[in-house]
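K.L.:
Protein chains: 2
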Amino acid sequence: MIKTIEYVDGVVRMIDQTLLPSEKVFVDCKTIEEVGHAIKTMIIRGAPAIGVAAAMGVSLGADSISASNFDEFFAALEKQCDQLGKSRPTAVNLAWAINRMKQVAKDSKNLPVSELKVRLKEEALTILTEDISINKAMGQHGQTLVESGNVVLTHCNAGALATAGYGTALGVIRASIGAGKNIRVLANETRPFLQGARLTAWELKEDNIPVKLITDSMCGFFMKNKEVDLVVVGADRIAGNGDIANKIGTYMVAVLAKENNIPFYVAAPVSTLDLSLASGDEIPIEERSAEEVVNINNKRMAPEGIEVAHPAFDITPNKLVTAIITEEGIARPPFTESLKAMAQKK
Amino acid sequence: MIKTIEYVDGVVRMIDQTLLPSEKVFVDCKTIEEVGHAIKTMIIRGAPAIGVAAAMGVSLGADSISASNFDEFFAALEKQCDQLGKSRPTAVNLAWAINRMKQVAKDSKNLPVSELKVRLKEEALTILTEDISINKAMGQHGQTLVESGNVVLTHCNAGALATAGYGTALGVIRASIGAGKNIRVLANETRPFLQGARLTAWELKEDNIPVKLITDSMCGFFMKNKEVDLVVVGADRIAGNGDIANKIGTYMVAVLAKENNIPFYVAAPVSTLDLSLASGDEIPIEERSAEEVVNINNKRMAPEGIEVAHPAFDITPNKLVTAIITEEGIARPPFTESLKAMAQKK
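Top line first, the protein sequences correspond to chains A and B. One rule links them: number in my numbering = place in the first sequence (from 1) + 944. One rule links them: number in my numbering = place in the second sequence (from 1) + 944.
(1) Taking only beta-carbon atoms, is B:Leu1138 less than 7 Å away from chain A?
(2) Between A:Ile994 and A:Met958, is the Cβ-Cβ spacing less than 7 Å?
(3) Below 8 Å on the Cβ atoms is my contact criterion, and I expect A:Val969 with A:Leu963 to pass it. Report the Cβ-Cβ distance as a whole number of Å.
(4) Taking 7 Å as the CB-CB cut-off, is A:Lys1125 touching chain B?
(5) Give a yes or no on contact between the stretch 1238-1256 of chain B and the stretch 1236-1244 of chain A, applying the rule of three or more CB pairs nearer than 8 Å.
(6) Are A:Glu1271 and A:Pro1228 close, meaning C-beta to C-beta below 7 Å?
(7) Measuring only the C-alpha atoms, how far is A:Lys1168 from A:Leu1200?
(8) For B:Tyr951, which three-state DSSP category applies?
(9) Below 7 Å CB to CB, which residues in the same chain sit around B:Ser1233 once its five sequence neighbours on both sides are set aside?
(10) Residues of the stretch 1145-1166 of chain B with a CB closer than 7 Å to any CB of chain A: list them in chain order, please.
(11) Tell me the residue span of the beta strand (DSSP E) that contains A:Asp972.
(12) Within the continuous alpha helix (DSSP H) that includes B:Thr962, where are the two ends?
(13) Name the two residues that bound the continuous alpha helix (DSSP H) containing A:Phe1166.
(14) A:Asn1241 touches chain B at which residues, Cβ-Cβ below 7 Å?
(15) Between which residues of its own chain and B:Glu1022 is the CB-CB distance below 6 Å, once the five residues before and five after are set aside?
(16) For A:Gln1288, count the other beta carbons within 10 Å of its own beta carbon; 16 or more makes it buried, fewer makes it exposed. Which is it?
(17) Of all the alpha helix (DSSP H) runs that stay within the bounds of the stretch 1046-1109 of chain A, which reach a length of 4 or more residues?
(18) Quick one: is A:Val952 buried, meaning 16 or more other Cβ sit within 10 Å of its Cβ, or exposed?
(19) Please confirm if B:Val1199 has its CB atom under 7 Å from at least one CB of chain A.
(20) Applying the criterion that 16 or more other CB atoms from any shown protein chain within 10 Å of the CB defines a buried residue, is B:Lys1053 buried or exposed?
(21) So what's B:Ala1285 in DSSP terms, helix, strand or just coil?
(22) Could you tell me which chain B residues have their CB closer than 7 Å to the CB of A:Met1045, listed as they occur along the chain?
(23) Between B:Arg1135 and B:Asp1160, is the Cβ-Cβ spacing less than 7 Å?
(24) How about B:Ile1042 and B:Gly1029: are their beta carbons less than 7 Å apart?
(25) Quick one: give me the first and last residue of the beta strand (DSSP E) that B:Gly1273 is part of.
(26) List the residues of chain A whose Cβ lies closer than 7 Å to the Cβ of B:Pro1255, in chain order.
(27) For the structure I just gave you, are there three or more beta carbon pairs, one from the stretch 1108-1124 of chain A and one from the stretch 1209-1223 of chain A, closer than 8 Å?
(28) In chain order, which continuous runs of the beta strand (DSSP E) of length 3 or greater are located wholly inside the stretch 1115-1165 of chain B?
(29) Residues of the stretch 1183-1209 of chain A in Cβ contact with chain B at a cutoff of 7 Å, in chain order, please.
(30) In whole angstroms, give me the CA-to-CA distance for A:Leu1217 and A:Thr1144.
(31) Leaving out five residues before and five after B:Ser1215 in sequence, what residues of the same chain have Cβ atoms less than 6 Å from its Cβ?
(32) Among the candidates B:Val996, B:Val1095, B:Glu1248, whose CA atom is the shortest distance from the CA of B:Glu950?
(33) In the DSSP assignment, the alpha helix (DSSP H) including A:Thr1112 goes from what residue to what residue?
(34) Alpha carbon to alpha carbon, what distance is there between A:Ile1071 and A:Ser1012?
(35) To which residues of the same chain is B:Ser1092 closer than 6 Å at the C-beta, ignoring the five residues directly before and after it?
(36) If we call anything under 7 Å between Cβ atoms a contact, is A:Gly1122 one with B:Tyr1195?
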């Protein structure tokens, strides 16, 4: 399995997810700005992977600061973090990772600046290894919801490539297979960025997990024909009431699942919870470039001079969510209570 | 406006809809086989346009037959028609047009073969002009359902390019604008063939009708945000009970419309009704090549060696359909009665 992201010798190396599966190109980031650019342009994407990249970016940023005392150092670090925090607005893991790194700096303010930089590097690497452990724990909880013979529909890529490894939604699939269950995956291609076709299909194939690729518009057809047993997707941010921000189209999948009495599960780490928000209405929805919708493989597919929209995420209301799978257990409605309980276990 | 299809001097000329909007190339068919190929490869598509093309194809086929008497002529014609009828299975207009042409031949069996051929050519041209009139009548009925200020969501292309001209669903939009209503269109791109991005956006822009293009996965987002007032789509076949076969993704749109209390209308000529079928379960769903899903602009977007599905149509159950707009009026539930009444008006 190709490593999504690693951090060695002052370089954050990530596989360029805009080029998979046809090209396997690694991008080396040596500055926090380069990491921010990689996040913004989706060289790396997926809420947990963005969190890991951000932590590593903060460490690179810290290394670049020449300061003789903590206050000077921290002021420079905060400035860098503010900039990095703007790279993508919807996934809360970005802010979560940055805040965690800033907290580590503050907690270590009595250390010499050079040791503080080492401490931040260690924290970034801890976030990476923790992410994999969290995904495996999530997978163990999630696989109890899956039966042998099931077909699992997923949208976008909430896999190894969206995390430090193993995956959230695809972690549930990997854990189910690890538990000896014979399951198959139906993958939405996930326009416009085609994370399903390019990333989910690719990483499942690498692991020899049976996958059938469909366009997003086909998932209702297969649900209605009773060819889907459950849905598992990831999340970019979860409000306190269980409303889910995730890749555009997730709401569509959830409504179709409800119509066809199919369970709709969300797999996401506790770091994706944003209990400060009462509902999904407060989650900012990133509007990306129209070019990403109309230009496919360098060819414009629609006429010039028309309006094109590109909301990159949507909100799935909690009433459509059967359960939320976290590393601390499975949260069920009412989510206001169950999500708080998950967060308190940390 | 570019003519979708015309028939002059023994040549059926159609605009190649696989190349729009970037290239405007016309394809000349001189034999019934060439017309069948154009239908199969979607150089021409859209249920009513397929019907018109098929009628013209039958006329070309008739012209090629050397026969000294009717029986000999008709046997050869039937053989050709059987082949043409297999070009695409879901749209009933193909069979409808072929049967109408065969009936004309049978009704004129006492004519000399040379005159019979002239009669068939006239009938094909009648089907073309009738189709435009039918669309305009449908538009007049349909526009009564649209209010000024409305945003109309449509899927696929049920426009001038899907018919001999004017369109079915887009005919309703054109008639609404003709009646002085200020409306805007939200167009699903319609993967995998991108009829929405390539054809609907293009023909609306040509007519200066405001259109916003979205991916199929975004339509739920805009419905939930109260940015859609009604849905109008076309149909490839309508069963006696009002179940609708239409482009893959139509079912998705209908379920999302129901969830958001948005009226879901189907605009289709009476020739699209197949009252011989009790329900949509009996409508054959065409499975097209997986290549059309994974290859975009000559680049494979998914890994090799995975399964890919491509059902080209889906069935929207009658319970999700608010009304069916025909040239004879607007049919409302219960459709078993109302559709029969529409057919009897012909």
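Don't be surprised by glycine CBs; every beta carbon is placed ideally from N, CA and C.
P.N.:
To lay it out plainly:
(1) The sequence position of residue 1138 of chain B within the second sequence is 194, counting from 1. So, interface residue.
(2) What you label residue 994 of chain A is simply residue 50 of the first sequence in a count that begins at 1. What you label residue 958 of chain A is simply residue 14 of the first sequence in a count that begins at 1. For A:Ile994 and A:Met958, no; Cβs fall outside 7 Å.
(3) Counted from its first residue, the first sequence places residue 969 of chain A at position 25. Counted from its first residue, the first sequence places residue 963 of chain A at position 19. A:Val969 to A:Leu963, Cβ: 5 Å. Contact.
(4) Reading the first sequence from its first residue, position 181 is the one you call residue 1125 of chain A. No, no contact with chain B.
(5) yes
(6) Locating residue 1271 of chain A in the first sequence gives position 327, counting from the first residue. Locating residue 1228 of chain A in the first sequence gives position 284, counting from the first residue. No, the Cβ-Cβ distance between A:Glu1271 and A:Pro1228 is not below 7 Å.
(7) On the first sequence, position 224 is the one that residue 1168 of chain A refers to. On the first sequence, position 256 is the one that residue 1200 of chain A refers to. Between the alpha carbons of A:Lys1168 and A:Leu1200 lies a distance of about 9 Å.
(8) The residue you call residue 951 of chain B lines up with position 7 of the second sequence. The answer is strand: DSSP assigns B:Tyr951 an E or B state.
(9) Residue numbering aside, residue 1233 of chain B sits at position 289 when the second sequence is read from its first letter. His1254.
(10) Ala1145, Trp1146, Lys1149, Val1155, Lys1156, Leu1157, Ile1158, Thr1159, Asp1160, Ser1161, Met1162, Gly1164, Phe1165
(11) For the purposes of this step, residue 972 of chain A is identified with residue 28 of the first sequence, where counting begins at 1. Here the beta strand (DSSP E) through A:Asp972 covers 970-973.
(12) For the purposes of this step, residue 962 of chain B is taken as residue 18 along the second sequence, with counting starting at 1. No alpha helix (DSSP H) contains B:Thr962, which DSSP labels as neither H nor E.
(13) Taking the first sequence and counting its residues from 1, one reaches residue 1166 of chain A at position 222. From DSSP, the alpha helix (DSSP H) with A:Phe1166 extends over 1163-1168.
(14) By 1-based counting over the first sequence, the position of residue 1241 of chain A is 297. The answer, in chain order, is Ile1240, Asn1241, Lys1243.
(15) If you number the second sequence from 1, residue 1022 of chain B lands on position 78. Taken in chain order, the list of residues that qualify is empty.
(16) The sequence position of residue 1288 of chain A within the first sequence is 344, counting from 1. Looking at its Cβ environment, which holds fewer than 16 other Cβ atoms inside 10 Å, A:Gln1288 is exposed.
(17) 1057-1087
(18) As a working mapping, residue 952 of chain A is identified with position 8 in the first sequence. Classification of A:Val952: exposed, given that the 10 Å Cβ count is below 16.
(19) The residue given as residue 1199 of chain B occupies position 255 in the second sequence. Closer than 7 Å: yes.
(20) Residue 1053 of chain B sits at position 109 when you count from the first residue of the second sequence. When all chains shown are included, B:Lys1053 counts as exposed.
(21) Counting from one through the second sequence, the residue named residue 1285 of chain B turns up at place 341. Correct three-state label for B:Ala1285: helix.
(22) Translated into positions along the first sequence, residue 1045 of chain A becomes position 101. By Cβ distance, chain B contributes nothing, its closest Cβ being about 33 Å from A:Met1045, past 7 Å.
(23) By 1-based counting over the second sequence, the position of residue 1135 of chain B is 191. By 1-based counting over the second sequence, the position of residue 1160 of chain B is 216. Yes, they are a contact pair.
(24) Here the question's residue 1042 of chain B lines up with position 98 in the second sequence. Here the question's residue 1029 of chain B lines up with position 85 in the second sequence. Cβ atoms of B:Ile1042 and B:Gly1029: closer than 7 Å.
(25) Stepping through the second sequence from its first residue, residue 1273 of chain B is reached at position 329. In the DSSP annotation of this structure, the continuous segment of the beta strand (DSSP E) that includes B:Gly1273 starts and ends at 1273-1275.
(26) Counting from 1 along the second sequence, the entry for residue 1255 of chain B is found at position 311. Near B:Pro1255 (Cβ distances below 7 Å), the residues of chain A are Met1162, Phe1165.
(27) Short answer: they touch.
(28) 1128-1132, 1155-1158
(29) Ile1192, Gly1193, Tyr1195, Met1196, Val1199, Leu1200, Glu1203
(30) Position 273 of the first sequence, counting from 1, holds the residue named residue 1217 of chain A. Position 200 of the first sequence, counting from 1, holds the residue named residue 1144 of chain A. In a straight line, the C-alpha of A:Leu1217 is about 24 Å away from that of A:Thr1144.
(31) The residue labelled residue 1215 of chain B in the question sits at position 271 within the second sequence. Excluding residues within five positions, the ones whose Cβ falls inside 6 Å are Asn1037, Trp1040.
(32) As a working mapping, residue 950 of chain B is identified with position 6 in the second sequence. Of the candidates B:Val996, B:Val1095, B:Glu1248, the one whose C-alpha sits nearest the C-alpha of B:Glu950 is B:Val996.
(33) In the first sequence, the residue the question calls residue 1112 of chain A occupies position 168. First-last for A:Thr1112: undefined, no H or E at that position.
(34) As a working note, residue 1012 of chain A is residue 68 in the first sequence. As a working note, residue 1071 of chain A is residue 127 in the first sequence. A:Ser1012 and A:Ile1071: Cα-Cα distance of roughly 27 Å.
(35) Looking up residue 1092 of chain B in the second sequence gives position 148. For B:Ser1092, same chain residues with a beta-carbon under 6 Å away, outside a window of 5 residues either side, are Lys1125, Asn1126 in chain order.
(36) Here residue 1122 of chain A refers to the residue found at position 178 of the first sequence. Here residue 1195 of chain B refers to the residue found at position 251 of the second sequence. No; because the gap between Cβ atoms is not below 7 Å, this pair is not in contact.
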